[in-house]
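Under my numbering, the very last position in the sequence shown is 599; numbers go up by exactly one each time.
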Amino acid sequence: MKKVLIITYYWPPSGGAGVQRWLKFVKYMRDFGWEPIVYTPENPEAPVIDNSLEKDIPDNLTVIKRKIWEPYTAYKKFIGQKKEQKINAGFLSENKKPGLSENVSVWIRGNLFIPDARKFWIKPSVKFLTNYLKNNLVDAIISTGPPHSMHMIALGLKQRLGIPWLADFRDPWTNIDFYEDLKLIKRADKKHHKLEKEVLKNADSVVLISRGMADDFNKIYQRNYEVITNGYDSDDISNGSKIELDKKFSISYIGTMVKTRNPISFWKAINQIINLNKEFAKNIEIKLIGKIDYSVQQSIKEFQLQKYITKINYLPHNEVIKLQKQSQVLLLLINNTPNAKMILTGKFFEYMAAHRPILCIGPPDGDAVRILKETNSGLQSDFQDVIKIKENILNFYQLYKNQELSSDIKNIENYSRKGLTNRLVNILNGIA
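Pasting the structure below:
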C-alpha cells in the first residue's frame, strides 16, 4: 500500500456537504492500493453533527486529531449569539436581516482572517506534521478546501519536505459566490489572490469539481486542472428495503438555502398554479430539509405558501437518502450569482441516484444542466423564467396524477463514488 496524508477540516461526526467528498474517497482508497491517513481538528466549529456518517470510516484508519483555536467564541459574543449555537455557512441568516454587528464581523473576517478563520491552525499544523512525516513516511499529501487554510498547511509541508501534493477544491477561492460580500479592502483582496495563486502554482496536481471551475482557475493561473465531480455511493442507495412514494405531490429540496439560492420565480410559479388549480393546491407539498435564510422565509410569506411547506432543520444522511427516494420530485437550485455556470452541488448526484425526477433552476449553459441532459434526469429552467418553471411543474404534476411520474435516468454510473476514487488514485499514482 502507498500512503497518503489527507488534510481536511470536515470529518465525522461533523455533518453537512463539506464532509461527504473526502469521507467517500477515504472509504474506497484501499481498494486501489492506497492507505489514507486523515489529519483533522479535534474540536472544529461543525455546522451540524451527523453520527450516521461514521459507518463509512474504514476499520483501523489512522485519524490524527489536533486541537484548533478559532475566534468563534468572540464572534458569537460580538453578534449576540449563544455559545452553543452553530455558525452558518455562506452568510446565511435564519432569523433576521444582518445588522451592524454582523456587518462589522464580516469585515473583520474578510480582512484580518486570511485566508479564513482557521488561519491560526496553519503554523502549529505545519510544525507538528513536519515532525510526524519525518518518522511516518507517506507517498503524497492531499489538502481539501474550503477552508483554504488546509491548502496553506499543505503548501508549508511541500516547501519543507518536497512531498508530492494534490490540492482539491470543493469550491472556488476568490471566485466563490460570497467573495464580494467579504467587504475586502484592497490589501486584503490582493493577499487572498496571492495565496490562491501560490497554491495553484506549487501543488503537483489540482483537482476541481466542475469544468467551469477549471476554465475559471485557468484565468487565475494556467496549468492542467483535473476535474473529478462529486458523486453518489451505491452503498447508500441500495439498502434493500422498498420505499413507497409520497402520497402527495411532494417537491423536496435538501440542503442549505442561502439568499442567493432563494428561488423567487419558483415561489411565484407555485403561487400562480395554486390560485388557478384547487386540485393542485390540495395535493402539493414542498419539503425543505436544511437551514433556510431569512429572505427565503420572507418570500414564502409573500407568496402565501406557509401551509404548503414542511420544514425540517436537519436530517442524518441515511434519512436524507430515504426522503429523496420517496419524494415525487427533487428540487435542484443553483446559486443566482456570477459563478453560477460552474456550480455543481454534491446533492445533485444523490438526487440522480434516488431515481426521482429533478426540477432544476439555473443557467441553461451551466455544468449542472449539462449533466442533467447527459443523464436525462430532469427538467430545467432559467432563474427568472416563471413560465417555464410553471410548465415543468405542471408537466410533472400531470404525470403524477396519471401515476406515471418516474425517472428514465441513464449514464449515472460515471458518478459512482468508487469509480471517482479510482480516477483520483490514478492522479495520485501520476504524481507520487
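In this text, a Cβ means the ideal position worked out from N, Cα and C, and glycines have one as well.
Three-way DSSP call (helix, strand, coil) for THR311 in this model: For the purposes of this step, residue 311 is identified with residue 144 of the sequence shown, where counting begins at 1. Three-state result, THR311: strand.
Does the contact criterion of 3 or more C-beta pairs under 8 Å hold for the stretch 308 to 326 versus the stretch 359 to 373?
yes
So, with DSSP's three-state summary, where would you put PHE550? Working through the sequence shown from its first residue, we reach residue 550 at position 383. Of the three classes helix, strand and coil, the one that applies to PHE550 here is coil, per DSSP.
| task | Please confirm whether GLY296 and TYR206 have their CB atoms less than 8 Å apart. | result | Position 129 of the sequence shown, counting from 1, holds the residue named residue 296. Position 39 of the sequence shown, counting from 1, holds the residue named residue 206. Looking at the sequence itself, residue 296 is Leu, so the reference to Gly does not match. In this structure, TYR206 lies closer than 8 Å to LEU296 by Cβ.
Report task. Assuming LEU228 and PRO211 form a contact by the criterion Cβ under 8 Å, report the distance between their Cβ atoms to the nearest whole angstrom. Result -> Residue 228 sits at position 61 when you count from the first residue of the sequence shown. Residue 211 sits at position 44 when you count from the first residue of the sequence shown. Not really, about 18 Å apart at Cβ, beyond 8 Å.
inquiry  = I'd like to know whether the C-beta atoms of TRP339 and ASN480 end up nearer to each other than 8 Å.
reply    = Translated into the one-based positions of the sequence shown, residue 339 becomes position 172. Translated into the one-based positions of the sequence shown, residue 480 becomes position 313. Residue identity check: residue 339 is Pro in the sequence provided, not Trp. Going by C-beta atoms, PRO339 is not nearer than 8 Å to ASN480.
Quiz item: Does the beta-carbon of LEU259 have 16 or more other beta-carbons within 10 angstroms, so that it is buried, or is it exposed?
Solution: Within the sequence shown, residue 259 is the residue found at index 92, counting from 1. In this prediction, LEU259 has a pLDDT of 46, which is less than 50 and means its spatial position is unreliable; nothing more can be read from the coordinates.
Range of the contiguous alpha helix (DSSP H) that encloses LEU300: For the purposes of this step, residue 300 is identified with residue 133 of the sequence shown, where counting begins at 1. Per DSSP, LEU300 belongs to the alpha helix (DSSP H) from 289 to 302.
request  = Go through the stretch 373 to 404 residue by residue and report every complete run of the alpha helix (DSSP H) that reaches 4 residues or more, in order.
outcome  = 378 to 387, 401 to 404
*Hey, how far is the Cα of PHE470 from the Cα of ASP306?*
The count along the sequence shown starts at 1 and reaches residue 470 at position 303. The count along the sequence shown starts at 1 and reaches residue 306 at position 139. If you take the alpha carbons of PHE470 and ASP306, they lie about 56 Å apart.
**Asked** In this structure, does DSSP put LEU190 in helix, strand or coil?
**Response** Counting from 1 along the sequence shown, the entry for residue 190 is found at position 23. LEU190 falls in the helix class under three-state DSSP.
If you follow the alpha helix (DSSP H) that ALA436 is in, where does it begin and where does it stop?
In the sequence shown, residue 436 corresponds to position 269, counting from 1. Note, ALA436: alpha helix (DSSP H), 431 to 443.
task = Have a look at ARG523, PHE550, PRO208 and flag the residue whose alpha-carbon is nearest the alpha-carbon of LYS410.
result = Looking up residue 410 in the sequence shown gives position 243. This sequence places Ile at residue 410; Lys is not what is there. The residue with the shortest Cα to Cα distance from ILE410 is ARG523.
- Tell me whether the beta-carbon of ILE281 lies closer than 8 Å to the beta-carbon of HIS360. Here the question's residue 281 lines up with position 114 in the sequence shown. Here the question's residue 360 lines up with position 193 in the sequence shown. No.
(Q) Let's see if you can read the secondary structure: which residues bound the alpha helix (DSSP H) around TYR582? (A) Here residue 582 refers to the residue found at position 415 when the sequence shown is read from its first residue. Where TYR582 is concerned, there is no enclosing alpha helix (DSSP H), given that its DSSP letter is neither H nor E.
How many Å lie between GLN565 and MET196 at the Cα? As a position in the sequence shown, residue 565 is number 398, starting the count at 1. As a position in the sequence shown, residue 196 is number 29, starting the count at 1. Between GLN565 and MET196, the C-alpha separation is close to 45 Å.
_Option in LEU561, PHE384, LYS454 with minimal Cα separation from ALA436_ = Taking the sequence shown and counting its residues from 1, one reaches residue 436 at position 269. Nearest option by C-alpha distance: LEU561.
Would you list the one or two residues that DSSP bridges to MET424? To locate residue 424, count along the sequence shown from 1; it is residue 257. According to DSSP, which records beta bridges pairwise, MET424 is partnered with ILE459.
CA-to-CA distance, LEU472 to ASN438, given in whole angstroms: To locate residue 438, count along the sequence shown from 1; it is residue 271. To locate residue 472, count along the sequence shown from 1; it is residue 305. If you take the alpha carbons of ASN438 and LEU472, they lie about 7 Å apart.
Practice item. State yes or no: is the C-beta of PRO314 within less than 8 Å of the C-beta of ASP356? Key: Counting from one through the sequence shown, the residue named residue 314 turns up at place 147. Counting from one through the sequence shown, the residue named residue 356 turns up at place 189. No; because the gap between Cβ atoms is not below 8 Å, this pair is not in contact.
Next on the checklist: Beta-carbon within less than 7 Å of LEU333's beta-carbon, same chain only, minus the 5 sequence neighbours each way: which residues are those?
Outcome noted: In the sequence shown, residue 333 corresponds to position 166, counting from 1. Once the five neighbours on either side are set aside, the close Cβ partners of LEU333 are ALA307, ILE309, ALA370, ASP371, SER372, VAL374, ILE594, LEU595, ILE598.
May I have the straight-line CA-CA distance separating TYR392 from LYS568, to the nearest angstrom? As a working mapping, residue 392 is identified with position 225 in the sequence shown. As a working mapping, residue 568 is identified with position 401 in the sequence shown. About 46 Å.
At least three beta-carbon pairs within less than 8 Å, the stretch 579 to 590 to the stretch 524 to 533
no
Item to complete: Count the other C-beta atoms from every protein chain shown that fall within 10 angstroms of the C-beta of ASP575, then say buried if there are 16 or more, exposed otherwise.
Response: Numbered from its first residue, the sequence shown carries residue 575 at position 408. Burial is judged here by how many other beta carbons sit within 10 angstroms of a residue's own beta carbon; ASP575 has fewer than 16 and is exposed.
query: Is ILE329 buried or exposed, if buried means 16 or more other CB atoms sit within 10 Å of its CB?
result: Taking the first residue of the sequence shown as position 1, residue 329 is located at position 162. In the sequence as displayed, the identity of residue 329 is Gly instead of Ile. Exposed: under 16 other Cβ atoms inside 10 Å.
With a CB to CB cut of under 7 Å and the five nearest residues on each side skipped, what residues in its chain are close to TRP434?
To locate residue 434, count along the sequence shown from 1; it is residue 267. Answer for TRP434: SER466, ILE467, PHE470, LEU472, listed in chain order.
Relative to the alpha-carbon of MET424, which residue among GLN464, GLY398, GLY200, LEU443 has its alpha-carbon at the smallest distance? Here residue 424 refers to the residue found at position 257 of the sequence shown. Cα-wise, what sits closest to MET424 is GLN464.
Figure out for me which residue from ASN502, TYR518, GLY513 has the closest Cα to the Cα of ILE488.
Here the question's residue 488 lines up with position 321 in the sequence shown. Comparing Cα positions, the closest option is TYR518.
Whole-number beta carbon distance between LEU526 and ILE459, since they are thought to touch under 8 Å: As a working note, residue 459 is residue 292 in the sequence shown. As a working note, residue 526 is residue 359 in the sequence shown. Not really, about 17 Å apart at Cβ, beyond 8 Å.
Subject >> Residues near ASN385 in its chain [Cβ-Cβ closer than 6 Å; skip 5 each side] >> reply: Working through the sequence shown from its first residue, we reach residue 385 at position 218. Setting aside the 5 residues that flank it on each side, ASN385 has no residue in the same chain whose C-beta is closer than 6 Å to its C-beta.
Review point. Along the chain, where does the beta strand (DSSP E) that runs through ARG233 open and close?
Key: As a working mapping, residue 233 is identified with position 66 in the sequence shown. Run containing ARG233: 229 to 233, per the beta strand (DSSP E) assignment.
Is it the case that the Cβ atoms of ASP413 and SER494 are separated by a distance below 8 Å?
-> Position 246 of the sequence shown, counted from the start, is the residue given in the question as residue 413. Position 327 of the sequence shown, counted from the start, is the residue given in the question as residue 494. Contact flag set, yes.
Can you tell me whether GLN570 is buried or exposed? The criterion is at least 16 other CB atoms within 10 Å of its CB, across all chains shown. If you number the sequence shown from 1, residue 570 lands on position 403. By the C-beta density criterion, GLN570 is exposed, having fewer than 16 other C-beta atoms within 10 angstroms.
Bounding residues of the alpha helix (DSSP H) (the contiguous stretch that carries GLU517): Mapped onto the sequence shown, residue 517 falls at position 350. Where GLU517 is concerned, the enclosing alpha helix (DSSP H) stretches over 514 to 520.
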